[in-house]
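To start, the structure itself, in structure tokens.
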Amino acid sequence: MALGAWLSSGQWQWFVSLTFRAEYVSPKEADRHWQAWLNSLCQSCKALDLSRPFYFRVTELQNRGTLHYHSLIGGVGDIRRLLFKDIWELHGFARVERYEPSLGACHYVGKYLVKTDGAIHFSHNLKEHLTTS
């Protein structure tokens, strides 16, 4: 639970779930698509003079064996989240929701943290956006 409390201290703005339409996408290809999606978001932030967004991402396998991403994302200002939903939907299904701070990070990603097939990734600038108080 300490990880959940630490994650909840972040100024998250979006909770994102991204899946693939294809039956199988290799981990390398899936990560490449996710990074391209994130780079588009970073470019939008830069165009609005925002700092680079920060994220916490959990990767899991769906029942059909395809990778699936769940992410908390912050630092996106008032960027239109539905635009980034549409961008991902070239590959599959996307859900880009506003993060509700009163629910806390565990509400959004807690169940994915305990699964054995998951992997955790986070941005290099995440630590500067979380407090330890």
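Under UniProt numbering, the first residue of the sequence shown carries the number 1, and numbering increases by one thereafter.
Glycine included, each C-beta is placed from N, C-alpha and C at the ideal position.
DSSP places ILE73 within a strand segment (E or B) once states are collapsed to three. Counting only residues of its own chain and dropping the five nearest sequence neighbours on each side, GLU97 has a CB closer than 6 Å to the CB of PHE15. For GLN13, no alpha helix (DSSP H) segment is defined; the enclosing uninterrupted segment is the beta strand (DSSP E) at 12 to 19. A direct Cα-Cα distance of roughly 22 Å separates TYR55 from VAL25. As the crow flies, the alpha-carbon of GLU60 is around 11 Å from that of LEU18.
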